[in-house]
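Under our numbering, the first residue of the sequence shown carries the number 247, and numbering increases by one thereafter.
For every residue, glycine included, the Cβ atom is placed at its ideal position computed from N, Cα and C.
Treat the numbers as computed from the prediction; the structure is a model and nothing was measured.
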Amino acid sequence: MSRAGRNADGTDERVLVLNPVSGDGEHAPRVRELAAAHGFAVRETERPGDGIELAREAAEDGADLVAACGGDGTLNEVVRGLWNADALPDTAFAVVPGGTGNNFAGNVGIEGVEHAFEVIEAGRWRTIDLGLVAVDGGDPIPFLNSCVGGFTAEASASTSSDQKERYGVLAYVFNTLREVASFEGITLDVTPIGGGEGWRGDAACVLIGNGRRFPGGGSEQANVEDGRLDVTIVEGDPTVDLAGEAAVHRLLGRETGNITRLQTAELDVAVREDDPVTFSLDGELASARHLHVESRARTLRLPVGDAYEPAPD
Ligand SMILES: Nc1ncnc2c1ncn2[C@@H]1O[C@H](COP(=O)(O)OP(=O)(O)OP(=O)(O)O)[C@@H](O)[C@H]1O
């Protein structure tokens, strides 16, 4: 990088896309300072969707490194922009945590704002898998952490930030299961592509993790360099009392018979219901009747902290 942080034609080599209102918003002044000190041009989002366009423009203008500062929603938008510009893996990505839960930042060993810039300058560089999901036959959309389906939008809206912080995406599951008196589940067909047994039945939810693994399987950080997704199907058994978090922990724990786990590079999820089901991609909601999900191996190049394990237990 030249000292001025610019390419020869005057465009920026390092761009940071900042969501100034994510989390409690208090990160923004410090991030602006650190970004300037580390040679980043800062582009601030003003509304949902801006992160996609700002990242796409930065990559198309020749940036080598596009960092995202915000929560998982902002990270997701920036990666979407890089994907839309067809810039991956050549344009590198970096994470500066500025959200409530910062799940993905934790998964790649980034502990805070200062640490994020230290890691950008002196961390290990890895190239990790990217999740892609095509909703109802549309274009593939990237996700970093997870694609989770089966709960209702109302449940998500009532999820507190404290719960999000403690449980990440599982908070949505807790809330849904706590609020429903009798849970009937959604009828799903889950079909791994390229081998392996499929699953059909009534599910409470299906959790598809790229960077994130769900409880019961060792570390919460998944192996994000193996080209495979971790799929957890939680059966919607109406005889099981799902009220309360302890019940959900039991349900997601290793001892239960209500869980099916599989690993696959690619799968189809079809909803056998009249109405579409709500899905969350890295925490942002969409509704769908059909999902095609895949892991695009070794697609996102980023600096990681010491706590990041390429192959966790
Ligand atoms: N300036 C803005 N004003 C309002 N919304 C914004 C703005 N910039 C981005 N957004 C939207 O805010 C959404 C949520 O942000 P994000 O997930 O990054 O933070 P968060 O919800 O506070 O954190 P976490 O996901 O860790 O709980 C993003 O999906 C994005 O579309």
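Helix, strand or coil for residue i? Go by DSSP, reduced to three states.
i	result
E364	helix
G327	helix
E481	strand
R500	Reliability of the predicted coordinates at R500 is poor, the pLDDT of 48 falling under 50, and no value is obtained from them.
E530	strand
P343	strand
T506	strand
V470	coil
G440	coil
T257	coil
L321	helix
L262	strand
V223	The chain is shown only over 247 to 559; residue 223 falls outside these bounds and no answer can be derived.
Using a Cβ-Cβ cut-off of 6 Å (strictly less than) and excluding sequence neighbours within five positions of residue i, which residues of its own chain qualify?
i	result
G297	V263, T291, T320, E323, V324
T257	D307, G308
G395	V452, V523, F525
A287	D258, V261
P556	E471
I374	V470, E471, L546
A225	Residue 225 is absent from the model: the chain starts at 247 and stops at 559.
R326	I298, P388
I454	C393, L475, V477, V539
Provide the residue span of the alpha helix (DSSP H) that contains residue i, from first to last.
i	result
L300	296-306
L390	Careful: L390 lies outside any alpha helix (DSSP H) and carries neither H nor E.
A380	Where A380 is concerned, there is no enclosing alpha helix (DSSP H), although the beta strand (DSSP E) it sits in stretches over 370-381.
A351	349-353
Tell me which same chain residues have a C-beta within less than 7 Å of the C-beta of residue i, skipping the five on either side of it?
i	result
D552	G355
P343	A351, I356, G358, V359, A362
D382	A534, R535, H536
V312	V261, V263, A301, A304, A305, V324, L328, T337, F339
Whose CA, out of the options, lies closest to the CA of residue i?
i	options	result
G347	T510, H536, D528	D528
E512	E519, V288, L300, I439	I439
G442	G455, L508, A254	L508
A543	R278, D520, N349, P335	P335
N265	G285, R276, R293	R293
Using a Cβ-Cβ cut-off of 8 Å, state whether residue i counts as contacting chain C.
i	result
D375	Given the protein chain composition of this structure (a single chain), no chain C is represented.
Taking 7 Å as the cut-off, is the C-beta of residue i nearer than that to any heavy atom in ligand 3?
i	result
R293	The model on display carries ligand 1 but not ligand 3.
Tell me which same chain residues have a C-beta within less than 8 Å of the C-beta of residue i, skipping the five on either side of it?
i	result
Y554	N353, V354, G355, R370, R372, Q467
G295	E323
At which residues does the beta strand (DSSP E) containing residue i begin and terminate?
i	result
V277	Here V277 belongs to no beta strand (DSSP E); instead the alpha helix (DSSP H) covers 274-283.
V312	311-316
T337	Premise fails: T337 is in no beta strand (DSSP E) and is neither H nor E.
T545	536-550
E357	Counting along the chain, E357 falls outside any beta strand (DSSP E), and DSSP gives it neither H nor E.
Below 8 Å, how does it come out for the segment 439-449 and the segment 361-376: are there three or more Cβ pairs, yes or no?
no
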